[in-house]
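Residue numbers (my numbering): 44 to 223. Glycine residues also receive a C-beta, built at the ideal position from the N, C-alpha and C atoms. Keep in mind it's a predicted model, so treat the numbers as computed, not measured. Shown next, in structure tokens, is the structure this report addresses.
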């Protein structure tokens with residue numbers, strides 16, 4: 044079944060409060076073994092979130108960043124890395140970055156577009172909470188999807204983990220991505 048169909052079926056089961064059907068579906072999914080290899084191509088080492096997130100993997104890279112795009116990935120470099128990834132048998136590529144604001148730099152779109160034109164990889168973005176227009180631009184550049192996590196729905200814990208970020212804005216990005 045297609046991923047969207049599976050998700051809608053699960054939502055229907057949750058809404059119908061049909062625990063047996065939900066657990067049967069979970070068991071079915073757990074026994075399905077599909078391997079999908081993925082690799083990341085970071086678009087920048089810059090993160091402008093202030094204060095920084097307590098769990099952030101970008102924190103070690105902060106010393107490389109001056110707040111400019113000097114640590115930016117170029118489209119040529121992105122294509123070289125993506126072609127190497129594809130030759131290794133990897134099917135999906137993630138473009139993570141530290142948070143650059145609700146609007147991302149132009150070179151993000153250029154890198155995504157160049158990789159889309161030169162590979163058959165599935166492409167996903169990971170840049171935190173961004174605007175609806177940025178999501179639309181990323182899709183137009185060639186993204187297949189957008190990843191944004193919410194580690195907890197407990198707003199107090201979220202504020203502690205991500206003191207510089209707005210919980211509701213992150214949720215809005217999820218809704219915007221789903222609609223686009």
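Residue pairing by DSSP places residue 83 opposite 137 in a beta bridge. With respect to residue 145, residue 172 sits close: the two C-beta atoms are nearer than 8 Å. In the three-state DSSP reduction, residue 194 falls in the coil class, being neither helix nor strand.
By the Cβ rule, the stretch 192-203 does not count as touching the stretch 142-159, because fewer than three pairs are nearer than 8 Å.
When DSSP states are grouped into helix, strand and coil, residue 222 belongs to the helix group. According to the DSSP assignment, residue 165 belongs to the beta strand (DSSP E) that extends over 165-169. Sequence-distant partners of residue 175 (beyond 5 residues in either direction) whose C-beta falls short of 6 Å from its own C-beta, in its chain, are 219.
Per DSSP, the unbroken alpha helix (DSSP H) holding residue 118 starts and ends at 118-130.
Annotation: residue 83 to residue 166 spans about 10 Å, alpha carbon to alpha carbon. Residue environment: residue 132 is assigned as exposed (fewer than 16 neighbouring CB atoms within 10 Å of its CB, all protein chains considered). If you ignore the 5 residues before and after residue 93, its C-beta comes within less than 7 Å of the C-beta of 207, all in its own chain and listed in chain order.
Listed in chain order, the non-local C-beta contacts of residue 91 below 8 Å within the same chain comprise 110, 141, 142, 143, 144, local neighbours out to five positions each way being set aside. A straight line joining the alpha-carbon of residue 150 with that of residue 189 spans about 17 Å. Separation of the CB atoms of residue 134 and residue 80 is rounded to 6 Å, and the pair is thereby assigned contact status at 8 Å.
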